Amino acid sequence: MQMLETKNLGFWYQNPADTLFKDVNLKFEAGKMYAILGKSGSGKTTFLSLISGLDSAKEGEILYNDTSLAKIGLTKFRKHNLAIVFQAYNLFTYMSAYQNVDSALEISGVKKDNQREFITESLKSVGITEDLQHKKVSQLSGGQQQRVAIVRAMVTGADIIVADEPTGNLDEETGREIINLFEKIAHEQKKIVILVTHDLDIAKRSDVTYELRDKVFHKRVKEVTQA
Numbered sequence: 009m010q011m012l013e014t015k016n017l018g019f020w021y022q023n024p025a026d027t028l029f030k031d032v033n034l035k036f037e038a039g040k041m042y043a044i045l046g047k048s049g050s051g052k053t054t055f056l057s058l059i060s061g062l063d064s065a066k067e068g069e070i071l072y073n074d075t076s077l078a079k080i081g082l083t084k085f086r087k088h089n090l091a092i093v094f095q096a097y098n099l100f101t102y103m104s105a106y107q108n109v110d111s112a113l114e115i116s117g118v119k120k121d122n123q124r125e126f127i128t129e130s131l132k133s134v135g136i137t138e139d140l141q142h143k144k145v146s147q148l149s150g151g152q153q154q155r156v157a158i159v160r161a162m163v164t165g166a167d168i169i170v171a172d173e174p175t176g177n178l179d180e181e182t183g184r185e186i187i188n189l190f191e192k193i194a195h196e197q198k199k200i201v202i203l204v205t206h207d208l209d210i211a212k213r214s215d216v217t218y219e220l221r222d223k224v225f226h227k228r229v230k231e232v233t234q235a
């Protein structure tokens, strides 16, 4: 089973006495959707940067399948094991939805048999129909662009998908549909899905929530109601 975990992780900007968090020991397992919950400025986005290999911790380490990211190499880890979905989508706006997904495969070095069909079907699976696939993404709605961004993350084959405020720019109904997609990715594709958010509704939907409050992560596990 794929596993991402932090060991005694700590981070500060200038003064070691003024930590955002320290001694953080969290585990993220395949097949589950996690929420990193916290108010603006709490440090949750910084934590996302650390577990994504975008920045290095001041102390402690992050392990992927029992090997430290430092040993794997941050660039190699990001290229082969992890995909990020940003709040602002970070798509190539001058490209179509299809071209954005195709470029993600090229950048990651992933080759697929019948690649054209693979991209088309991947986009259709999240509601991006063929007539939408060849429009510039700047012509798509926010929800449609977020779906393209999710497919772009999925097709690389990454075992870990992280998202920073993935519903922040969306209306409530579209936001629910996007969370449904992340749930399916976690539960059906057995990925590690980590969503950074301040939205309590996302936390309630997640299998495990780690709330960053007063520099400490507090764990909450989703209650499963028996039928």
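Every number in our numbering is 8 more than the matching position in the sequence shown, counting from 1. In this text, a Cβ means the ideal position worked out from N, Cα and C, and glycines have one as well. Since the structure is predicted, the reported quantities are computational estimates derived from the model, not experimental observations.
Are the beta-carbon atoms belonging to residue i and residue j less than 8 Å from one another?
| i | j | result |
| --- | --- | --- |
| V109 | I127 | yes |
| I70 | T27 | no |
| I168 | N89 | yes |
| S116 | T164 | yes |
| F190 | F29 | no |
| G61 | N16 | no |
| V216 | V204 | no |
| N177 | G150 | yes |
| V145 | M41 | no |
| K79 | G18 | no |
| L148 | A194 | no |
Quick check on the burial criterion: 16 or more other C-beta atoms within 10 angstroms. Buried or exposed for residue i?
| i | result |
| --- | --- |
| A235 | Note that A235 has pLDDT 41, beneath the 50 cutoff, so the model's placement of it is unreliable and the number below is only indicative. A235 is exposed by the Cβ-count criterion. |
| A96 | exposed |
| K199 | buried |
| L220 | buried |
| D74 | exposed |
| Q22 | exposed |
| S214 | buried |
| S76 | exposed |
| L208 | exposed |
| D222 | exposed |
| A166 | buried |
Just checking: is the beta-carbon of residue i within a distance shorter than 8 Å of some beta-carbon in chain C?
| i | result |
| --- | --- |
| A157 | Among the chains in the structure shown there is no chain C, since it carries only a single protein chain. |
Measure the C-alpha to C-alpha separation of residue i and residue j and round it to an integer number of angstroms.
| i | j | result |
| --- | --- | --- |
| S48 | M103 | 32 Å |
| T81 | V170 | For the record, residue 81 in the displayed sequence is Gly; it is not Thr. Answer to the nearest angstrom: the Cα atoms are 18 Å apart. |
| R184 | V159 | 17 Å |
| V54 | W20 | The identity of residue 54 in the sequence shown is Thr, whereas the question assumes Val. Cα to Cα, the separation comes out at about 10 Å. |
| H206 | Q123 | 37 Å |
| Q10 | M162 | 16 Å |
| G51 | D139 | 41 Å |
| Q154 | T182 | 10 Å |
| D172 | I92 | 8 Å |
| A112 | K132 | 17 Å |
| Q197 | G39 | 7 Å |
| A3 | K35 | Since the first and last residues shown for the chain are 9 and 235, residue 3 lies out of range. |
| Y6 | E129 | Residue 6 is absent from the structure shown; the chain starts at 9 and stops at 235. |
| Y218 | N33 | 11 Å |
Tell me, to the nearest whole angstrom, how far the beta carbon of residue i is from that of residue j; I am working on the premise that it is less than 8 Å.
| i | j | result |
| --- | --- | --- |
| L56 | A211 | The Cβ separation is near 15 Å, so there is no contact. |
Which complete alpha helix (DSSP H) runs does the region 52-140 hold, if anything under 4 residues is left out? 52-59, 77-80, 82-88, 105-116 and 123-132
Considering only residues of the region 134-184, which uninterrupted beta strand (DSSP E) runs meet the minimum length of 3 residues and lie entirely inside it, listed in chain order? 168-172
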